[in-house]
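Peer 1: Questions regarding the structure given below will be posed in turn.
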Amino acid sequence: MADPTFFDNAGPKRLDELAAFLSAGLFRASPDQHVYDVAPLSHAGPDHLSYFEGRRHLPALLASKAGAVLVSETDAGEVPPEMAQIVTKSPALAFARVVGLFYPDATGFAAPCAGFAVHPTARLAEGVELEHGAVVAAGARIGARTRIGAHAVIGRGVAIGNDCIIGAGASLGCALLGDRVIVHPGVRIGQDGFGFAQGPTGHVKIPQIGRVIIQDDVEIGANSTIDRGALIDTVIGEGTKIDNAVHIGHNCRIGRGCILTAQVGMSGSVTLGDYVVLGGKVGVADHVEIGPKAMVAARSGVTRNLPGGAIYGGFPAKPVAEWRREVAALARLARSKGRAGEGGV
Numbered sequence: 387m388a389d390p391t392f393f394d395n396a397g398p399k400r401l402d403e404l405a406a407f408l409s410a411g412l413f414r415a416s417p418d419q420h421v422y423d424v425a426p427l428s429h430a431g432p433d434h435l436s437y438f439e440g441r442r443h444l445p446a447l448l449a450s451k452a453g454a455v456l457v458s459e460t461d462a463g464e465v466p467p468e469m470a471q472i473v474t475k476s477p478a479l480a481f482a483r484v485v486g487l488f489y490p491d492a493t494g495f496a497a498p499c500a501g502f503a504v505h506p507t508a509r510l511a512e513g514v515e516l517e518h519g520a521v522v523a524a525g526a527r528i529g530a531r532t533r534i535g536a537h538a539v540i541g542r543g544v545a546i547g548n549d550c551i552i553g554a555g556a557s558l559g560c561a562l563l564g565d566r567v568i569v570h571p572g573v574r575i576g577q578d579g580f581g582f583a584q585g586p587t588g589h590v591k592i593p594q595i596g597r598v599i600i601q602d603d604v605e606i607g608a609n610s611t612i613d614r615g616a617l618i619d620t621v622i623g624e625g626t627k628i629d630n631a632v633h634i635g636h637n638c639r640i641g642r643g644c645i646l647t648a649q650v651g652m653s654g655s656v657t658l659g660d661y662v663v664l665g666g667k668v669g670v671a672d673h674v675e676i677g678p679k680a681m682v683a684a685r686s687g688v689t690r691n692l693p694g695g696a697i698y699g700g701f702p703a704k705p706v707a708e709w710r711r712e713v714a715a716l717a718r719l720a721r722s723k724g725r726a727g728e729g730g731v
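This note's numbering puts the first residue of the sequence shown at 387, with every later residue one more than the last.
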């Protein structure tokens, strides 16, 4: 599932060899069965290995086309009969190890140019401007009239559209940018997502083999960070505007025309509908969905899905009228307790 522009696949792998590597049991596999890649259940095909852990993912398992799946002994009975099974104590941990076998060098930031400011295989269209110290790595493509600021780094295979502005000191890896994108100084796009599986002796890094897709007319404020996807892409929709010091975790999908103000923090796999507005310092928990045209007040914490077309606030975020009533009630309670205390002196 990884883009070969950015990541080299070391597959295919035999299922019996993977099972031996994991010290796991192999069931329902045909002789000499291979898998050619890893993928989440929702994107897997007959040549892919995926994993199942957690009952909330059961619908995805039942609908999946994966050829093989890592699964615990407890959940093995849920696996559709056409899928091969590798049965292991911790499917998520086993999957992290297998991804590392398929993609042993999944940094996404290979040594960019081996002495060249612009690698000989990079393609720069007419009118591209490079300021002092800018680096353009192998296979990168930069569209017409785009400007690259001083000491910016454009990683291997990155594609940037026409009429873009990349600010000084920005770094871009594993990313595809549309036209008229503005990236302010110090922005980081396409670095590792924060993904770890819990092992018996500590945390095991899950290689991040997705990309960042930034559509036309997006603007990204200074020192903001956008992580690449773990297995699927992080996507920023057309016309979205992102303020300074915003963090967007791996696998997030931001709709069109959204506004994210300063210091918004989004955990992994968050989905925003079109034209969502998040106030300053809003925090969003992982796998939360916020519907189109929702607005969330500054410093709120979003811990569950929010329908679109409404205004929310507080922690946990709730309809703003309800939140204001609660704040007013707490203020009245505090005042009444204060008066009661004064009367007892």
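A virtual CB, placed ideally from N, CA and C, is assigned to each residue, including glycine.
(1) State the DSSP-derived secondary structure class of His636, mapped to helix, strand or coil.
(2) Within the region 631 to 709, note down every full beta strand (DSSP E) run reaching 3 residues or more, in order along the chain.
(3) Nearest by alpha-carbon distance to His636: which of Gly579, Arg685, Phe481 is it?
(4) Going by C-alpha to C-alpha distance, which of Thr689, Pro490, Tyr698 sits closest to Val424?
(5) Which class does Lys627 belong to by DSSP, given the choice of helix, strand or coil?
(6) Measure the C-alpha to C-alpha separation of Val713 and Lys627 and round it to an integer number of angstroms.
(7) What three-state label does DSSP hand Val484 in the structure shown?
(8) Would you call the CB atoms of Glu675 and Thr689 closer than 8 Å?
(9) Can you tell me whether Gly543 is buried or exposed, with buried defined as 16 or more other CB within 10 angstroms of its CB?
(10) Classify His570 as helix, strand or coil using the three-state DSSP reduction.
(11) Please report how far the alpha carbon of Ser371 lies from the alpha carbon of Leu401, in whole angstroms.
(12) Leaving out five residues on either side along the sequence, give the residues of the same chain with a beta carbon under 7 Å from the beta carbon of Pro432.
(13) How about Ala583 and Leu479: do their beta carbons lie closer than 8 Å?
Peer 2: Working from what's here:
(1) Indexing the sequence shown from 1 puts residue 636 at position 250. Of the three classes helix, strand and coil, the one that applies to His636 here is coil, per DSSP.
(2) 697 to 699
(3) Residue numbering aside, residue 636 sits at position 250 when the sequence shown is read from its first letter. Taking only the C-alpha atoms, the option nearest His636 is Gly579.
(4) Start at 1 with the first residue of the sequence shown, and residue 424 comes out as number 38. Among Thr689, Pro490, Tyr698, the Cα nearest to that of Val424 belongs to Pro490.
(5) Here the question's residue 627 lines up with position 241 in the sequence shown. Residue state, collapsed to three classes: strand.
(6) Taking the first residue of the sequence shown as 1, we reach residue 713 at position 327. Taking the first residue of the sequence shown as 1, we reach residue 627 at position 241. So the two alpha carbons sit approximately 31 Å from each other.
(7) As a position in the sequence shown, residue 484 is number 98, starting the count at 1. Note: Val484 maps to helix in three-state DSSP.
(8) Here residue 675 refers to the residue found at position 289 when the sequence shown is read from its first residue. Here residue 689 refers to the residue found at position 303 when the sequence shown is read from its first residue. No, the pair does not count as a contact, with Cβ atoms beyond the cut-off.
(9) If you number the sequence shown from 1, residue 543 lands on position 157. It counts as buried.
(10) Indexing the sequence shown from 1 puts residue 570 at position 184. It is coil, neither helix nor strand.
(11) Past the boundaries of the shown model lies residue 371; the chain is included only from 387 to 731, so the question cannot be answered.
(12) Numbered from 1 along the sequence shown, position 46 holds the residue referred to as residue 432. Same-chain partners within the cutoff: Lys451, Gly453.
(13) Here residue 583 refers to the residue found at position 197 of the sequence shown. Here residue 479 refers to the residue found at position 93 of the sequence shown. Their beta carbons are under 8 Å apart, which means Ala583 touches Leu479 by this criterion.
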